[in-house]
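A quick write-up on the structure given underneath.
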Amino acid sequence: MAFYRQVGSVPPKRHTQHRTPEGGLYREELMGEEGFSSDSSLLYHSGVPSSLVDARVWELPDQALTPNTPLVPRHLELHDLAFAADADPVLGRRLVLGNADVRIHYSLATAASPYYRNGTGDECVYVERGSAVVETVFGALTVGTGDYVVIPRATTHRWVPDGELRTYAVEANSHIAPPKRYLSRYGQLLEHAPYCERDLRGPTEVLVETGTDVEVYVKHRGDGPGGLAGTVHVVPEHPFDVVGWDGCLYPYAFNVADFEPITGRVHQPPPVHQVFEGANFVICNFVPRKVDYHPLAIPVPYYHSNVDSDEVMFYVDGDYEARKGSGIGKGSISLHPGGHSHGPQPSAIEGSLGAEFFDELAVMVDTFRPLGLGEAGTASDDGRYAWTWSGRGPTS
Numbered sequence: 001m002a003f004y005r006q007v008g009s010v011p012p013k014r015h016t017q018h019r020t021p022e023g024g025l026y027r028e029e030l031m032g033e034e035g036f037s038s039d040s041s042l043l044y045h046s047g048v049p050s051s052l053v054d055a056r057v058w059e060l061p062d063q064a065l066t067p068n069t070p071l072v073p074r075h076l077e078l079h080d081l082a083f084a085a086d087a088d089p090v091l092g093r094r095l096v097l098g099n100a101d102v103r104i105h106y107s108l109a110t111a112a113s114p115y116y117r118n119g120t121g122d123e124c125v126y127v128e129r130g131s132a133v134v135e136t137v138f139g140a141l142t143v144g145t146g147d148y149v150v151i152p153r154a155t156t157h158r159w160v161p162d163g164e165l166r167t168y169a170v171e172a173n174s175h176i177a178p179p180k181r182y183l184s185r186y187g188q189l190l191e192h193a194p195y196c197e198r199d200l201r202g203p204t205e206v207l208v209e210t211g212t213d214v215e216v217y218v219k220h221r222g223d224g225p226g227g228l229a230g231t232v233h234v235v236p237e238h239p240f241d242v243v244g245w246d247g248c249l250y251p252y253a254f255n256v257a258d259f260e261p262i263t264g265r266v267h268q269p270p271p272v273h274q275v276f277e278g279a280n281f282v283i284c285n286f287v288p289r290k291v292d293y294h295p296l297a298i299p300v301p302y303y304h305s306n307v308d309s310d311e312v313m314f315y316v317d318g319d320y321e322a323r324k325g326s327g328i329g330k331g332s333i334s335l336h337p338g339g340h341s342h343g344p345q346p347s348a349i350e351g352s353l354g355a356e357f358f359d360e361l362a363v364m365v366d367t368f369r370p371l372g373l374g375e376a377g378t379a380s381d382d383g384r385y386a387w388t389w390s391g392r393g394p395t396s
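Residue numbers (UniProt numbering): 1 to 396.
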């Protein structure tokens, strides 16, 4: 996110001496993307950020994927998934869908997570319900229902829920950012973008912690399922030892209520709902909005074939018009795979005529490589959705 911030104590000029009150040197760390060729921040540590005193293997939760064969659309009921009473928002994640570019997890948690760093890509975590503090090496973010939390690759952080917390985590193998068409050539959000810099909440003060022999769980590239592996690093000093930082790379939150929907006289295509993008996938949201106002408009979507992408819709709240009669409700996911036409349930088309407003909230991920089902996707599949357009199936 090319939007400059400065938090805490930094020297007047980069790569120069920055001393402690006692006269010692703070250690400067550059955290940057694409080598030295993209967004970065400079962090000033009281300790040595590369220090380790121990390391051991972290056995990741099940990352295996099952191909969607035979090719059918699917309805996954996430609220039916079981979670341990003391689950946390990181170790307690269950893999729903994934491919080589992106993995979608779901969690229901009450406990604080361990300190965690995703070394494979950025994360965009949508808070379905509840509130939490996300403590990071850059500072803390207080987040709640409806927040997207974008956490750059290799940011050490932990989640501290305030009661029950439901999260929908999109883990990339790349960076996640606003769509390029929303940005000027210098990175400013443009006038036609559905949100602006004022809507983004970044850390406002540093979070200095003390401690010794602190464990940090690291997800990184490896030879396990999905090309992933896990390691627990034990660091001699607390990772939250940063006294100040500045730059354009940091975690931030954005609430879906601040997304301004783009509407028209006739039905608008899904790209108008886009909020973020990564390599080979996009994230969109469908928010409460005025719908098409041509006198002969059909407000629900037309049937369409996803020639190049798999479409994953997570139904968060409201009354989703196009899926009426399908069994889909709050906490559901629909997977519409590339190569198969999909659209509204037949009865929903006539039922939508004359509607002026849709009270619905959903988060959509479109991928440009096919998705496989994770263990949570297989466990939550209702097994009936593919036949709801015809009203009959192989067991009828």
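Heads up, the beta-carbon is just placed ideally off N, CA and C, and yes, glycines get one too.
If you follow the beta strand (DSSP E) that residue i is part of, which residue opens it and which one closes it?
i: residue 22; result: No beta strand (DSSP E) holds residue 22; DSSP gives it neither H nor E.
i: residue 379; result: Careful: residue 379 lies outside any beta strand (DSSP E), inside the alpha helix (DSSP H) at 375-380.
i: residue 318; result: 310-318
i: residue 44; result: 40-45
i: residue 54; result: 54-57
i: residue 36; result: Residue 36 -> no beta strand (DSSP E), and no H or E assigned at all.
i: residue 367; result: 360-367
i: residue 286; result: 281-286
i: residue 96; result: 94-98
i: residue 336; result: 332-336
i: residue 260; result: No beta strand (DSSP E) holds residue 260; DSSP gives it neither H nor E.
i: residue 106; result: 102-109
i: residue 3; result: Counting along the chain, residue 3 falls outside any beta strand (DSSP E), and DSSP gives it neither H nor E.
i: residue 276; result: 274-278
i: residue 77; result: 74-77
CA-CA distance, residue i and residue j?
i: residue 397; j: residue 119; result: Absent from the structure is residue 397, since the part of the chain shown begins at 1 and ends at 396.
i: residue 177; j: residue 356; result: 32 Å
i: residue 244; j: residue 7; result: 6 Å
i: residue 227; j: residue 305; result: 30 Å
i: residue 295; j: residue 343; result: 22 Å
i: residue 382; j: residue 64; result: 20 Å
i: residue 373; j: residue 13; result: 50 Å
i: residue 270; j: residue 129; result: 25 Å
i: residue 116; j: residue 216; result: 5 Å
i: residue 84; j: residue 386; result: 31 Å
i: residue 364; j: residue 20; result: 47 Å
i: residue 35; j: residue 183; result: 22 Å
i: residue 350; j: residue 298; result: 8 Å
i: residue 393; j: residue 94; result: 30 Å
i: residue 310; j: residue 236; result: 44 Å
i: residue 318; j: residue 337; result: 24 Å
i: residue 361; j: residue 316; result: 5 Å
i: residue 191; j: residue 300; result: 27 Å
i: residue 167; j: residue 335; result: 18 Å
i: residue 114; j: residue 174; result: 23 Å
i: residue 153; j: residue 172; result: 9 Å
i: residue 312; j: residue 347; result: 22 Å
i: residue 16; j: residue 51; result: 22 Å
i: residue 81; j: residue 60; result: 19 Å
i: residue 74; j: residue 384; result: 8 Å
Only counting the same chain, and skipping five residues up and downstream in sequence, which positions put a Cβ closer than 7 Å to that of residue i?
i: residue 280; result: 101, 367, 368 and 369
i: residue 5; result: 202, 246 and 250
i: residue 259; result: 194, 195, 275, 285 and 287
i: residue 30; result: 40 and 42
i: residue 272; result: 262
i: residue 199; result: 254 and 258
Enumerate in chain order the residues of its own chain whose CB-to-CB distance from residue i is below 6 Å, with the five nearest sequence positions on each side excluded.
i: residue 54; result: 234
i: residue 11; result: 18
i: residue 179; result: 274 and 277
i: residue 62; result: 375
i: residue 213; result: 234
i: residue 9; result: 243 and 244
i: residue 67; result: 372
i: residue 354; result: none
i: residue 76; result: 333, 377, 380 and 381
Which first and last residues belong to the alpha helix (DSSP H) in which residue i is found?
i: residue 349; result: 346-352
So, for residue i: in the same chain, excluding its five sequence neighbours on each side, which residues have a beta-carbon less than 8 Å away from its beta-carbon?
i: residue 223; result: 229
i: residue 165; result: 89, 107, 108, 109, 110, 127, 129, 130, 131, 132 and 159
i: residue 141; result: 133, 134, 149, 201, 202, 203, 251, 252 and 253
i: residue 359; result: 288, 318 and 319
i: residue 71; result: 337, 339 and 340
Quiz item: Which runs of the beta strand (DSSP E), 3 residues or longer, sit entirely within the UniProt domain "Homogentisate 1,2-dioxygenase N-terminal" (112-255)?
Solution: Those beta strand (DSSP E) runs which fall completely within the UniProt domain "Homogentisate 1,2-dioxygenase N-terminal" (112-255) and span 3+ residues are 115-118, 123-129, 131-136, 139-144, 147-151, 157-161, 165-172, 212-221, 228-237, 242-247 and 252-255.
Quiz item: At a cut of 8 Å, does the region 195-214 reach the region 154-162 through at least three beta carbon pairs?
Solution: With contact defined as three or more Cβ pairs closer than 8 Å, the region 195-214 and the region 154-162 are not in contact.
Quiz item: Do the region 133-143 and the region 190-205 touch if we need at least three Cβ pairs shorter than 8 Å?
Solution: Yes, the region 133-143 is in contact with the region 190-205.
Quiz prompt | contact_flag[the region 232-243, the region 39-49] where n(CB pairs < 8 Å) is 3 or more | solution = Yes, the region 232-243 touches the region 39-49.
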